[in-house]
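Peer 1: Below is one structure. I have some questions about it.
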Amino acid sequence: MRITRLKLENWKNFQSIDIPLRARAFFLGPNASGKSNLLDALRFLRDVAATQGGGLQSAAARRGGVRALRCLAARRTPDIALEVEIGDDDGAQWRYGLAFKHGKDDRPVITRESVTQFCGVEEKVVLARPDDGDAADPERLSETHLEQISANRDFREIAEFLRSVSYLHAVPQIIRAPGRFQPEPDDPFGGRLLARIGETAKK
181 MRITRLKLEN WKNFQSIDIP LRARAFFLGP NASGKSNLLD ALRFLRDVAA
231 TQGGGLQSAA ARRGGVRALR CLAARRTPDI ALEVEIGDDD GAQWRYGLAF
281 KHGKDDRPVI TRESVTQFCG VEEKVVLARP DDGDAADPER LSETHLEQIS
331 ANRDFREIAE FLRSVSYLHA VPQIIRAPGR FQPEPDDPFG GRLLARIGET
381 AKK
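Heads up: the sequence shown begins at 181 in the numbering used here, then just goes up one per residue.
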């Protein structure tokens, strides 16, 4: 599976974008044009879905809070929204959407969380929040269902896929001599890049 579409609203320097993605994509542009911000949207969803040290609150706090994430051009619709479609060359199989705004102490409060499953030409709504439970207990809107094992059973495939997202900024010196450098938990600089390539099964 792979991400086949990415939509962002009011995310950092992007007021609104909708990008269909193929198996390989190249993002080109001058410095400060938003390339890293675009990739960070995928890392953000990965951090939300993470089982260790993850979740919406942690992912937002790690990036400076909701105000640091929201596009400065956001006026009429202040909510930050991210949406991904996940599938293969035959089309999307899942759509996950998350929108949030800043609440008390600049903590994110969910305004929308949705999951849609594609079954051929049919679309099945698996999750639509806020729901009655959220209305009865608004504190629930501080956590996504995506990050909760007890709540994501019907779409755990999405959570597992997003957890597998990796961001690699390969540093040649580390690739050549990984033992000389302190290893990072998620290997962001490519210390195990050659080993991972060797472990990857041929398709």
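We put the beta carbon where it would ideally sit given N, CA and C, even for glycine.
For the putative contact between G277 and R292, defined by C-beta atoms under 8 Å, what is the C-beta separation to the nearest angstrom?
Peer 2: Indeed they touch by this definition, with Cβ atoms about 6 Å apart.
Peer 1: Could you tell me which uninterrupted alpha helix (DSSP H) segments, each at least 4 residues in length, are contained entirely in the stretch 298-334, listed from first to last along the chain?
Peer 2: Segments of the alpha helix (DSSP H) lying fully in the stretch 298-334: 312-316.
Peer 1: Tell me, please, which residues DSSP counts as bridged to A212.
Peer 2: Looking at the DSSP assignment, A212 forms no beta bridge with any residue, so it has no partner.
Peer 1: List the residues that DSSP assigns as beta-bridge partners of T296.
Peer 2: Paired residue(s): R275, V305.
Peer 1: How many angstroms separate the CA atom of K304 from the CA atom of A375?
Peer 2: Distance between the alpha carbons of K304 and A375: 40 Å.
Peer 1: Check whether the stretch 312-330 touches the stretch 226-239, taking contact to mean three or more Cβ pairs, one atom from each stretch, closer than 8 Å.
Peer 2: Counting Cβ pairs under 8 Å, three or more are found: they touch.
Peer 1: Quick check on P352: buried or exposed, where buried means 16 or more other Cβ atoms within 10 Å of its Cβ?
Peer 2: It counts as exposed.
Peer 1: Classify A316: buried if its beta carbon has 16 or more other beta carbons within 10 angstroms, exposed otherwise.
Peer 2: Exposed is the call here.
Peer 1: I believe I266 touches T184 by the beta-carbon criterion, under 8 Å. Please report the beta-carbon distance rounded to the nearest angstrom.
Peer 2: Correct: roughly 7 Å between the Cβ atoms.
Peer 1: Quick one, are the C-beta atoms of G371 and I354 less than 7 Å apart?
Peer 2: Yes; because the gap between Cβ atoms is below 7 Å, this pair is in contact.
Peer 1: In the stretch 222-283, which residue ranges form an unbroken alpha helix (DSSP H) of at least 4 residues, counting only runs that do not cross its ends?
Peer 2: With a minimum length of 4 residues, the continuous alpha helix (DSSP H) runs that stay inside the stretch 222-283 are 236-241, 246-249.
Peer 1: Please report how far the alpha carbon of V412 lies from the alpha carbon of G283, in whole angstroms.
Peer 2: Shown here, the chain extends from 181 to 383; a query on residue 412 therefore has no answer.
Peer 1: Since V345 and L222 should fall inside the 8 Å C-beta cutoff, what is the C-beta to C-beta distance between them, to a whole number of angstroms?
Peer 2: Yes, they are in contact, since the Cβ atoms of V345 and L222 sit about 5 Å apart, within 8 Å.
Peer 1: Have a look at the DSSP bridge pairing and note the partners of K187.
Peer 2: DSSP output for K187 lists D198, E263 as bridge partner(s).
Peer 1: With a 10 Å radius around its C-beta and 16 neighbouring C-beta atoms as the bar for buried, classify R309 as buried or exposed.
Peer 2: The residue is buried, with at least 16 neighbouring Cβ atoms inside 10 Å.
Peer 1: Whose CA, out of V306, W274, R250, lies closest to the CA of K281?
Peer 2: Minimum Cα distance to K281 is reached at R250.
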